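Trainee: Once you've had a glance at the structure underneath, I'll fire off some questions.
This is the structure in structure tokens:
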């Protein structure tokens, strides 16, 4: 029974680092955790817990009864030992409960802080960091897990788009969609997208323009279409179109300077008169 009690106590001590990793890995940059065996999992957790608790005890100069902890974890707590510790067991219990609660709260805040740092738009747009990354996406542990985030936010990782400043560009999508009898080209402004693990599930676009691209006849022959372009909605007029990625043949992404940006700062642009 003593050994079982020590195992419970040890499991509680291992919780804090796992909470940090959990909250760091959640949210819009959620990632698959590395595949490890159960033994490797406990070893990693044990090492992180040892470092964390040692740092806390050293930083706050906590008065810890290491003899009691050793006897509890090793299962060497005898009845005589319990009698010795009985007057202070209640205090030990509540002190440990408070320590665990505060440690878990700190671990949660730490995990969320790491998440904010890893996904900070301002940080990933710092020119020095862009040069250090070679204008490519960062390591997956320090950024978004799904690569589609980089396709739709590439302007934030490359110094090529410095002329945007901190403004968010308008993202236009040209997408070729395959149906049973018709291949259609849709163009519009990207409103949102849905990710699942490493895949793109849906995109939502507004101000959609539609043009027939190819069409099959009764003999399954494919012919090119040069039909007129149809407007399915004006940008900002409300409404959206959802396109599943499973129907998409090809997709082209364009980053456009928002109208409110002074185009005098756009590299290569013709200066605009302010009179």
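In the numbering used here, the protein residues as written are 12 to 286.
Glycine included, each C-beta is placed from N, C-alpha and C at the ideal position.
Since the model is a prediction, treat every value here as computed from it, not as a measurement.
For residue 167, does the count of other Cβ atoms within 10 angstroms reach 16, so buried, or fall short, so exposed?
Mentor: The residue labelled residue 167 in the question sits at position 156 within the chain shown. By the neighbour-count rule (16 or more Cβ atoms within 10 Å), residue 167 is buried.
Trainee: Since I believe residue 169 is in contact with residue 209 (beta carbons under 8 Å), could you give me their beta-carbon distance rounded to a whole number of angstroms?
Mentor: Against the chain shown, residue 209 aligns to sequence position 198. Against the chain shown, residue 169 aligns to sequence position 158. Going by Cβ atoms, the distance from residue 209 to residue 169 rounds to 22 Å, so no, they are not a contact pair.
Trainee: Please check the pair residue 84 and residue 17, which I expect to be a contact at CB under 8 Å, by giving their CB distance rounded to whole angstroms.
Mentor: One-based indexing of the chain shown puts residue 84 at position 73. One-based indexing of the chain shown puts residue 17 at position 6. Correct: roughly 4 Å between the Cβ atoms.
Trainee: So, is residue 7 buried or exposed, given that buried needs 16 or more other C-beta atoms within 10 angstroms?
Mentor: As shown, the chain starts at 12 and ends at 286. That puts residue 7 outside it, with no answer to give.
Trainee: Assuming the contact rule is C-beta atoms closer than 8 Å, residue 119 and residue 30 should be a hit. Round their C-beta distance to whole Å, please.
Mentor: Indexing the chain shown from 1 puts residue 119 at position 108. Indexing the chain shown from 1 puts residue 30 at position 19. Residue 119 to residue 30, Cβ: 6 Å. Contact.
Trainee: Is there contact here, the segment 188-205 with the segment 251-262, by at least three beta-carbon pairs under 8 Å?
Mentor: Contact between the segment 188-205 and the segment 251-262 is present, because at least three Cβ pairs lie under 8 Å.
Trainee: Could you tell me which whole beta strand (DSSP E) segments of length 3 or greater appear in the segment 137-201?
Mentor: Runs of the beta strand (DSSP E) inside the segment 137-201: 181-189.
Trainee: Could you give the first and the last residue of the continuous beta strand (DSSP E) run that contains residue 98?
Mentor: Your numbering for residue 98 matches position 87 in the chain shown. It is not in any beta strand (DSSP E) - residue 98 instead sits in the alpha helix (DSSP H) that spans 90-129.
Trainee: Name the two residues that bound the continuous alpha helix (DSSP H) containing residue 263.
Mentor: Against the chain shown, residue 263 aligns to sequence position 252. Run containing residue 263: none in the alpha helix (DSSP H); it sits in the beta strand (DSSP E), 259-267.
Trainee: Looking at residue 268 and residue 175, is the spacing between their C-beta atoms short of 8 Å?
Mentor: What you label residue 175 is simply residue 164 of the chain shown in a count that begins at 1. What you label residue 268 is simply residue 257 of the chain shown in a count that begins at 1. Yes, these two residues count as a Cβ contact at 8 Å.
Trainee: For the alpha helix (DSSP H) that contains residue 28, what are its first and last residues?
Mentor: By 1-based counting over the chain shown, the position of residue 28 is 17. From DSSP, the alpha helix (DSSP H) with residue 28 extends over 26-36.
Trainee: Could you tell me if residue 148 is buried or exposed, where buried requires 16 or more neighbouring beta carbons within 10 angstroms of its beta carbon?
Mentor: Taking the first residue of the chain shown as position 1, residue 148 is located at position 137. Label assigned to residue 148: buried.
Trainee: Roughly how many angstroms separate the alpha carbons of residue 204 and residue 135, rounded to a whole number?
Mentor: In the chain shown, residue 204 corresponds to position 193, counting from 1. In the chain shown, residue 135 corresponds to position 124, counting from 1. Approximately 21 Å, taken between the alpha carbons.
Trainee: Among 103, 111, 183, 77, whose alpha-carbon lies nearest the alpha-carbon of residue 63?
Mentor: The residue given as residue 63 occupies position 52 in the chain shown. Answer by Cα proximity: 111.
Trainee: If we call anything under 8 Å between Cβ atoms a contact, is residue 201 one with residue 214?
Mentor: In the chain shown, counting from the first residue as 1, residue 201 sits at position 190. In the chain shown, counting from the first residue as 1, residue 214 sits at position 203. Going by C-beta atoms, residue 201 is nearer than 8 Å to residue 214.
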